[in-house]
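Residues in the sequence shown are numbered consecutively from 28, following the numbering used here.
Reviewing the structure listed below.
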Amino acid sequence: MAKKKIKDTDYLFLSARIRSLERNLLTKPRMERMLQAESAAECAQVLTELGYPPFDADSEAGLNQALAQVRADLFADLARFMPDPALLDVFKLKYDYHNIKTLIKGQGADVDGLLVDAGRIRAADMAAKYQQTGKWDFLHAPLKDAAEESVRVLAETGDPQRSDFVLDKAYFAEMLDLAKSSGSAFLVDYVRTQIDAANLRSAVRTTRMRRAAAFLQQVLFEGGSVSVERILADIGGGVAALYRATPLREAAVLGEEAVAGGSLTAFEKACDNAVLAKVGEARSVPFGPEVAIGYVAARENEFTAVRIIMAGRLAGLDGDTIRERLRDCYV
Numbered sequence: 028m029a030k031k032k033i034k035d036t037d038y039l040f041l042s043a044r045i046r047s048l049e050r051n052l053l054t055k056p057r058m059e060r061m062l063q064a065e066s067a068a069e070c071a072q073v074l075t076e077l078g079y080p081p082f083d084a085d086s087e088a089g090l091n092q093a094l095a096q097v098r099a100d101l102f103a104d105l106a107r108f109m110p111d112p113a114l115l116d117v118f119k120l121k122y123d124y125h126n127i128k129t130l131i132k133g134q135g136a137d138v139d140g141l142l143v144d145a146g147r148i149r150a151a152d153m154a155a156k157y158q159q160t161g162k163w164d165f166l167h168a169p170l171k172d173a174a175e176e177s178v179r180v181l182a183e184t185g186d187p188q189r190s191d192f193v194l195d196k197a198y199f200a201e202m203l204d205l206a207k208s209s210g211s212a213f214l215v216d217y218v219r220t221q222i223d224a225a226n227l228r229s230a231v232r233t234t235r236m237r238r239a240a241a242f243l244q245q246v247l248f249e250g251g252s253v254s255v256e257r258i259l260a261d262i263g264g265g266v267a268a269l270y271r272a273t274p275l276r277e278a279a280v281l282g283e284e285a286v287a288g289g290s291l292t293a294f295e296k297a298c299d300n301a302v303l304a305k306v307g308e309a310r311s312v313p314f315g316p317e318v319a320i321g322y323v324a325a326r327e328n329e330f331t332a333v334r335i336i337m338a339g340r341l342a343g344l345d346g347d348t349i350r351e352r353l354r355d356c357y358v
């Protein structure tokens, strides 16, 4: 039976609901309140005003529990009203791959505290089945194939980074496939921008470390607006030229500066900001899947900001140091 075509107007109610929810996003003024708070508890109070559950601000475990609950509530709430819940899979996907990485590297150890229960597969179920059998047969392709290949690479090389790259490559490929199957050109563009950002990071880091082109080829992902072939062929001319026609053009300029010894932090921030700016185009769309996609991306960006601020406070860092690490806001 053919899948029913979903129209933009099917998102009218959800779009209106999201516009209302956006009022509680973590904005720059609210982040400043957290940075200027006299204590971690006062910092966390800003979050409870935005709907976060009360948590022990002096405990990383407390922060993790709060973020896990808010993330679960986000996906559950949107799934209730989303005309096509499959759109959420693009955002849930990374947690499946994260949990697989954690279980593989854990090699039978108790890693439950490191798992994130926000993927398409319940983290506890994944852990129980893998720990009982040591196999990944319960997963669907391409997850199963990527997990098995990652285990093989780790066993043969003893290199966790190479093992992770197998899963990263499968992750970006599956994410792009899911975006394409959604029928949303906006979602496809967003995913392609993420792939571009990942490849730009790899190109800058590899060049900065003076690694060979053969190594760069291993750490690039297919599917970006700048092809792997073009990156390998033209990397000698600098990344700024390669990404001039993409949303990452400013980040690429900073990337060339980083290769010459400039700030990697500024470059990394620019990459993340470019991706957020791309999805931020949804702010000008009155209704449709773009509104939902933009909101989920905004919340994921918010969770990262919350972790940076609260972790910085726990580590005793001053506001200016934490501020340097923060990315732009969606609103």
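Glycine included, each C-beta is placed from N, C-alpha and C at the ideal position.
Helix, strand or coil: how does DSSP classify residue i here?
i: Asp137; result: coil
i: Ala29; result: At Ala29, the pLDDT of 44 sits below 50, so the modelled position is not reliable and the matter cannot be decided from this model.
i: Tyr122; result: helix
i: Cys298; result: helix
i: Gly75; result: Note that residue 75 corresponds to Thr in the displayed sequence, not to Gly. The answer is helix: DSSP assigns Thr75 an H, G or I state.
i: Met109; result: coil
i: Ile148; result: coil
i: Asp345; result: coil
i: Gly307; result: helix
i: Ser190; result: helix
i: Gly264; result: helix
i: Leu115; result: helix
i: Pro313; result: coil
Thinking C-beta only, is residue j closer than 8 angstroms to residue i?
i: Val306; j: Tyr217; result: yes
i: Val117; j: Leu52; result: no
i: Ile45; j: Tyr322; result: yes
i: Val203; j: Ser190; result: According to the sequence shown, residue 203 is Leu rather than Val. No.
i: Leu247; j: Gly282; result: no
i: Ile335; j: Leu62; result: no
i: His167; j: Val143; result: no
i: Ile368; j: Thr234; result: Not covered by the structure: residue 368. The range shown for the chain is 28 to 358.
i: Arg354; j: Leu291; result: no
i: Ala301; j: Ala278; result: yes
Could you spell out where the alpha helix (DSSP H) holding residue i opens and where it closes?
i: Glu183; result: Leu170 to Thr184
i: Ser47; result: Leu39 to Leu48
i: Lys55; result: Lys55 to Gln63
i: Asp83; result: From DSSP, Asp83 is part of no alpha helix (DSSP H); its letter is neither H nor E.
i: Arg276; result: Arg276 to Val286
Do you know offhand how far residue i's Cα is from residue j's?
i: Val73; j: Arg60; result: 7 angstroms
i: Ala95; j: Asp85; result: 17 angstroms
i: Leu141; j: Asp299; result: 24 angstroms
i: Pro110; j: Ala206; result: 15 angstroms
i: Ala145; j: Ala154; result: 14 angstroms
i: Ala88; j: Glu327; result: 19 angstroms
i: Ala285; j: Ser254; result: 22 angstroms
i: Leu120; j: Ala309; result: 21 angstroms
i: Thr36; j: Ser47; result: 18 angstroms
i: Val266; j: Asp186; result: 28 angstroms
i: Cys70; j: Asp164; result: 45 angstroms
i: Val178; j: Ala67; result: 40 angstroms
i: Gly78; j: Leu90; result: 14 angstroms
(request) Run through the stretch 195-250 for me and flag every whole alpha helix (DSSP H) of 4 or more residues, listed as ranges in chain order. (result) 212-235 and 240-245
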